[in-house]
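Visitor: Quick one: this structure, given as structure tokens, is what I'll be asking you about.
Residue numbers (our numbering), protein chains in the order written: chain R, 1 to 243; chain L, 1 to 400; chain V, 1 to 158.
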């Protein structure tokens, strides 16, 4: 596609407007973000996930996630008929390159993307000895890289396996809900690139957010509700075999 | 390195987070608590028979307590930030609160008790010794050379009081370690209200066994007679404590097998495969049932002194091995299975890395080196000439 | 006076303890970061630090501001819901400096198959093909225009 000089002159002002989004990489440029106005969560629609792994790749690129570790990943389930307590699950390289091979014959097959659930009562922040991981006032669970000791207690305490130790920084790490993006009015990298809209960022405090209507009209679940973590990632169409 | 995985594990779970150093840590703190409880048997419960090991037990506890933070420092991603635990401790975190329990125990209980018990000897040696040793003793006296009857009596009373506080403190020290694991709801192998109690009792077992072995070994080194009444009593307490510990662990196991909850199938499979050797063979059969049987034997069958010493020696070694295996099975075992209950990973222990086998071995030897230094500095035994003033009101604790 | 003398060592000990406590308080005041405790038990400044990270994906609104022709094309087909960077990768740097940072040319055999290769785990309503049977090894953009993928009877290329 070629851009002629004339086109460019016309498009420059438009670009300048869009430029503002990108320029808001500096904290001073997003002064209109108030912590108490938001309460972040996410909606996962299992009926729409195609297991392409674009979210996993995008997250790794957006957040410099080291190889072999995953801030988000996609699992593929194979439930053999009635064996709900014994599904066959796999996640080759976190599903980063999609799933080109066929699952086992028969049964029900589906994909489940996972990430940090940004729990309202997170067990990980409870056990951090120094306050390096915390629940921000807008509902995102974050890690203070400069304060973390690397004791790994939080990694042990997370029931969902979403945390890991970054070998480069020697600190705990996990999904930040692309905090640097959502505070600038963008959506998370994974939601941005999801081609089917299976992943959608949700601001539970925003009355206009479509999640409220969705939650009213669909049956949703959270992962491991018996752990009472107050998880804020809601799964639509999730099978009972999901661990 | 590629880690072999069986079944499914969440992608971030494959690599173990807590290594052999974190196995070592509860083992060491357990020895501390156990050694202290043995010492307190004499001081508070007036079990006269174990008096010969009183000071040795205290020094053993101190030697191990000084080494205890080292495996943690080696494990931390940022050891230089460890002071944060004391500066901004997160009150909801068991690990943070443990930092203070440790500090309390070290400073307020152990050091104070040792100082008070040894004070007269310290003052005497500060006047007798020369060179740098003299300086060390002078510093330890805190500038006071008063060893009058009354001051020693005050020390005695205060020491008693501290030991009294020290007993629940010792329970707290190791019970807390148990709680650090037992309070993690995400991990069904760890999550149990029994965990702190099992840890406390296994700590006592390991501590008593350690002091028993050190006493036997050091007597042999010094060419001294072992006080058999003392040794028999220690062995008896070891047996009782071990029976309680074993019962608790079997209770936990029985309950799990019977209730067979969501995690059971996965855990059961793990014990039967990856943990078979370390749990069933080493911990239970060789490390618990055998020493209990051996020591139980000495209670019912009359054996000669030599035979009893051999039996105690063997039982003691097996006990320590068994308790170490227990820590291994808890820490490593708790990370071998997936929280999805659908798979297992493998622990790849390196040798000469920061968290490998080599530093673990060094850290196990180090307390004995420190103990040797402590024994030289603060002899648990009156070797040659007695102190200038021996008063009947404050008898020396170190004898033999 | 005598009584006092006999507890002298304990008083010295108490003094040592008090000194240590004072040293600890001073240390705490000096070392704990100022913003600690601002919102809770953590360094308040960490929130802003986390938010200050530069963005790698520009977001489709940014792309659409310049590439309006593509927008018009996409509006005519099913790929209207697919974000630009889902296929084209992170392009915030390109949006910063469109002239010097050029996005890579995509290989449709790789990009398209990730979503559209048939797999029984994908929802049945989702358009998927077995590429070997479907195109016999031809690149997808031989017949399909990625921004408006449906093939009308007479149209072929962009």
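Note that beta-carbon positions come from the ideal geometry of N, C-alpha and C, so glycine has one too.
Measuring alpha carbon to alpha carbon, tell me which of 195(R), 231(R) and 197(R) ends up nearest residue 204(R).
Guide: The shortest Cα separation from residue 204(R) among 195(R), 231(R) and 197(R) belongs to 231(R).
Visitor: Indicate the three-state DSSP secondary structure (helix, strand or coil) for residue 376(L) in the structure shown.
Guide: Residue state, collapsed to three classes: helix.
Visitor: Of the residues 143(L), 170(L), 131(L) and 130(L), which one's Cα is nearest the Cα of residue 108(L)?
Guide: It is 170(L).
Visitor: Drop a sphere of 10 angstroms on the beta-carbon of residue 226(R), count the other beta-carbons inside from all chains shown, and report buried for 16 or more, exposed for fewer.
Guide: Exposed is the call here.
Visitor: Would you verify that the beta carbon of residue 24(R) is, or is not, closer than 9 Å to some beta carbon of chain V?
Guide: Reliability fails at residue 24(R), whose pLDDT of 39 lies under 50, so the model's placement of it is uncertain and no value is given.
Visitor: If you draw a straight line from the C-alpha of residue 52(L) to the C-alpha of residue 58(L), how long is it?
Guide: Distance between the alpha carbons of residue 52(L) and residue 58(L) is about 12 Å.
Visitor: Name the DSSP beta bridge partners of residue 110(R), please?
Guide: Paired residue(s): 77(R).
Visitor: Should residue 127(R) be flagged as near chain V, meaning a C-beta pair shorter than 9 Å?
Guide: With 9 Å as the cut-off, residue 127(R) does not count as an interface residue toward chain V.
Visitor: Between 99(L), 116(L) and 183(L), which has its C-alpha nearest residue 141(L)'s C-alpha?
Guide: The shortest C-alpha separation from residue 141(L) is found at 116(L).
Visitor: With DSSP run on the structure shown, which of helix, strand or coil describes residue 268(L)?
Guide: Looking at residue 268(L) - three-state DSSP - the assignment turns out to be helix.
Visitor: Is it the case that the Cβ atoms of residue 138(R) and residue 37(R) are separated by a distance below 9 Å?
Guide: For residue 138(R) and residue 37(R), yes; Cβs fall inside 9 Å.
Visitor: Please identify the residue among 267(L), 318(L), 49(L) and 273(L) whose C-alpha is closest to the C-alpha of residue 289(L).
Guide: Residue 318(L) is the option with its Cα nearest to residue 289(L).
Visitor: Grab the span of the alpha helix (DSSP H) containing residue 131(L) for me, first residue to last.
Guide: Run containing residue 131(L): 131-140, per the alpha helix (DSSP H) assignment.
Visitor: Grab the span of the beta strand (DSSP E) containing residue 133(R) for me, first residue to last.
Guide: From DSSP, the beta strand (DSSP E) with residue 133(R) extends over 133-135.
Visitor: Return helix, strand or coil for residue 150(L), following the three-state DSSP convention.
Guide: Looking at residue 150(L) - three-state DSSP - the assignment turns out to be helix.
Visitor: If you measure beta-carbon to beta-carbon, which residues of the stretch 173-197 of chain L are closer than 7 Å to chain R?
Guide: Correct list: 184, 185, 186 and 187.
Visitor: Just to make sure I have the definition right: I need the residues of chain R whose C-beta is within less than 8 Å of the C-beta of residue 354(L). Which are they?
Guide: Going along chain R, no residue has its Cβ under 8 Å from residue 354(L), so there is no contact; the nearest lies around 11 Å.
Visitor: Does residue 344(L) come out as helix, strand or coil in the three-state DSSP assignment?
Guide: Residue 344(L) falls in the strand class under three-state DSSP.
Visitor: Run down chain V in chain order and give the residues with a C-beta less than 9 Å from the C-beta of residue 162(L).
Guide: Result: empty, since nearest Cβ-Cβ is about 12 Å, beyond 9 Å.
Visitor: Going along the stretch 104-117 of chain L in order, which residues come within less than 9 Å of chain R, judged by CB to CB distance?
Guide: Those would be none; no residue qualifies.
Visitor: Could you tell me which whole beta strand (DSSP E) segments of length 3 or greater appear in the stretch 145-201 of chain R?
Guide: Complete beta strand (DSSP E) runs here, min 3: 164-166 and 171-173.
Visitor: Count the other C-beta atoms from every protein chain shown that fall within 10 angstroms of the C-beta of residue 104(R), then say buried if there are 16 or more, exposed otherwise.
Guide: Answer is exposed; the Cβ neighbour count stays below 16.
Visitor: Please state whether DSSP places residue 26(R) in a helix, a strand or coil.
Guide: Low confidence applies to residue 26(R): its pLDDT is 36, below 50, so where it sits in the model is not reliable, and the reading given next is rough at best. Reduced to three states, the DSSP call for residue 26(R) is coil.
Visitor: Checking 9 Å against the spacing of the C-beta atoms, do residue 75(R) and residue 89(R) come in under that value?
Guide: Contact: yes.
Visitor: When you compare each of 192(L), 229(L) and 237(L) to residue 210(L) by their alpha carbons, which one comes out closest?
Guide: Among 192(L), 229(L) and 237(L), the Cα nearest to that of residue 210(L) is on 237(L).
Visitor: Does residue 126(L) get closer than 9 Å to chain V when you measure Cβ to Cβ?
Guide: For residue 126(L), the answer is no, since every Cβ of chain V falls outside 9 Å of its Cβ.
Visitor: Beta carbons nearer than 8 Å to chain L: which residues of the stretch 206-235 of chain R have them?
Guide: Correct list: 227.
Visitor: Tell me the rounded alpha-carbon separation between residue 172(V) and residue 191(L).
Guide: Nothing about residue 172(V) can be reported from this structure: the residues present for chain V run from 1 to 158 only.
Visitor: Does residue 108(R) have its Cβ less than 9 Å from a Cβ in chain L?
Guide: Closer than 9 Å: no.
Visitor: For the stretch 104-126 of chain V, which residues have a beta carbon sitting closer than 8 Å to at least one beta carbon of chain R?
Guide: Here the close residues are 113, 114, 115, 117, 119, 120, 121, 122, 123 and 126.
Visitor: Assuming the contact rule is C-beta atoms closer than 8 Å, residue 54(R) and residue 194(R) should be a hit. Round their C-beta distance to whole Å, please.
Guide: With a Cβ gap of about 7 Å, residue 54(R) and residue 194(R) count as contacting.
Visitor: For residue 98(V), does the three-state DSSP call read helix, strand or coil?
Guide: In this structure, residue 98(V) counts as coil in the three-state DSSP scheme.
Visitor: Report yes or no: is there a C-beta of chain L within less than 9 Å of the C-beta of residue 73(R)?
Guide: Judged by the 9 Å Cβ criterion, residue 73(R) is in contact with chain L.
Visitor: Figure out for me which residue from 95(R), 141(R) and 192(R) has the closest Cα to the Cα of residue 173(R).
Guide: Of the listed residues, the one whose Cα sits closest to residue 173(R) is 141(R).
Visitor: Determine whether the Cβ of residue 201(R) lies closer than 9 Å to any Cβ atom of chain V.
Guide: With 9 Å as the cut-off, residue 201(R) does not count as an interface residue toward chain V.
Visitor: According to DSSP, which residues form a beta bridge with residue 36(V)?
Guide: Paired residue(s): 43(V).
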